[in-house]
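>
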Amino acid sequence: MKQRPTPGMGTSSVWAGEEKSLIQNATQVPVVHSVSFGYKDVDQWLDVALGKQKGHIYGRNTNPTVEVFENKICRLEKGQAATSASTGMGIISSILFGLLKPGQRVVSVKDTYGGTNKIFTEFLPRIHVETVLCDTTDHEAIETEIEKGCDLVYLETPTNPTIKILDLARLARAGKKAGGVVVVDNTFATPINQSPLALGADLVLHSATKFLGGHADALGGVVCGREDLVKQVYHYREINGATLDPMSAYLLLRGMKTLALRIERQNQNALQIARFLESHPKIEKVFYPGLSSHPGHEIAKKQMKGFGGMLSFTLKQDSFKAVGQVLAHLTYAHCAANLGSVETIAGPPATTSHVECTREERKAMGIPESLIRYSTGIEDVEDLIGDLDLALSTLG
Ligand SMILES: *Cc1c(COP(=O)(O)O)cnc(C)c1O
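In structure tokens form, the structure reads like this:
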């Protein structure tokens, strides 16, 4: 018989990880709501409890539907193992608290997701873990901090909300050389556009709430990569109890059937919108790695298959009032805090990713008052461009 070639990402989005879970000729993954799993044979029960035999015991630990979701991610990210959590922050905190010990040192960047930044600045110091947050655009400074010694390198690219790009291969190499575990938040790029494990990372994580689910109707988080590390993260998560709900796992799986299709469309739409905005007289600056004017364009071209659905832009009228006016006139965009859905979503960092910061703090972080974050949906791009053009025309 001929050898079956490795399937592409579109095929894997649809099929991967589901085979063994199908029961009674069902073609779709069952949602197993059962909290516990019973055993007549106590020896078998003990073997499952000790991990000598595969199986489930209690829903806080593992669940068949959740397991399928983890398997699919494993196949898409091409990692050894995966484990999940109830939210993106649930998995990020399980990674950091599951792997780090007092006295250790983390090197990361200033532009990580707001909640992640809170763990670095507020919670890790409590357990005496030092965190150094470097300028996201200064790779040499990041490397210098890594070389000083680090136990964990935490990266995120593209970043939120100014869409900066980190060179993953370069920083993963530095992290490994220093003996650190390299962790990458791949939420903005998705496995369709970027493969951090292939670029040298040990762990890749997602807020599945965003592009993976893609329909803004389920929260979830997942990490994939080196099995020994995933086991440690799982061990912390099974105890802290931030378990992914089986119904959410099903909704995420359902959403992921169209992951490759959606991301392809979002890549195309976002690039066209970024080009349109860049030439618009009311726009000051556009942040999108697909534009040759973007400082991270060359790195993005090297490490990404598509530039993603996320972009942001500033208005020539640099005021929060002008932002409100533009947003109020958009028909095809939810003005909301989430991102990565089939619908376009827009909002200012002041109400979304950087809601905890003061105006001065945002300014210090290089986030302008008139910045609008735009998560491109799968609508017809002509409609989205027309909508933006109309909304911008209301500015004086
Ligand atoms: C939303 C988000 C998170 C947190 O995910 P939740 O599911 O909201 O907990 C982490 N990282 C990035 C890049 C995100 O956009």
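Residue numbers for the sequence shown follow our numbering, so the first one is 128 and each next one is one higher. Cβ atoms here follow ideal geometry from the backbone N, Cα and C, with glycine treated the same way. All of these numbers come straight from a predicted model, not from anything done at the bench.
Could you say which of 241, 425, 502 lies nearest to residue 463 if we only look at CA atoms?
Of 241, 425, 502, the residue nearest in Cα terms is 502.
> Would you check if the distance between the CB atom of residue 278 and the CB atom of residue 353 is smaller than 9 Å?
no
> Just to confirm my understanding: we take residue 255, look at its own chain, exclude 5 residues before and 5 after, and list those with CB closer than 7 Å. What are they?
These residues qualify, in order along the chain: 229, 230.
> In whole angstroms, what is the alpha-carbon distance linking residue 151 and residue 347?
28 Å
> Where residue 243 and residue 341 are concerned, what is the direct C-alpha to C-alpha distance, given to the nearest angstrom?
Each residue's Cα considered, the two are about 21 Å apart.
> What does the alpha-carbon distance come out to for the pair residue 476 and residue 144?
In a straight line, the C-alpha of residue 476 is about 36 Å away from that of residue 144.
> Going by DSSP, what residues sit across from residue 348 in a beta bridge?
Answer is 212, 334.
> Check residue 247 in the structure and name its three-state DSSP category.
helix
> Are there 16 or more other CB atoms within 10 angstroms of the CB of residue 204, so buried, or fewer, so exposed?
buried
> Going by the beta-carbon positions, is the gap between residue 281 and residue 247 smaller than 9 Å?
yes
> Is the Cβ-Cβ distance between residue 250 and residue 363 less than 9 Å?
no
> Ligand 2 and residue 287: does any heavy atom of the ligand fall closer than 8 Å to the residue's C-beta?
Of the ligands one can find in the structure shown, namely ligand 1, none is ligand 2.
> Under the three-state reduction of DSSP, which class applies to residue 187: helix, strand or coil?
In the structure shown, residue 187 sits in coil (DSSP, three-state: anything other than H, G, I, E or B).
> The beta strand (DSSP E) with residue 258 in it runs from where to where?
257–261
> On the DSSP bridge assignment, give the partners of residue 437 in chain order.
By DSSP's assignment, residue 437 forms a beta bridge with 502.
> Using a Cβ-Cβ cut-off of 6 Å (strictly less than) and excluding sequence neighbours within five positions of residue 283, which residues of its own chain qualify?
239, 312
> Tell me which same chain residues have a C-beta within less than 6 Å of the C-beta of residue 328, skipping the five on either side of it?
299, 309, 311
> Specify, as a first and last residue, the run of the alpha helix (DSSP H) that residue 357 falls within.
Unbroken alpha helix (DSSP H) run through residue 357: 354–367.
> Note down the Cα distance separating residue 159 from residue 188, rounded to an integer number of angstroms.
Distance between the alpha carbons of residue 159 and residue 188: 14 Å.
> Rounding to the nearest angstrom, what Cα-Cα distance links residue 302 and residue 516 in this structure?
44 Å
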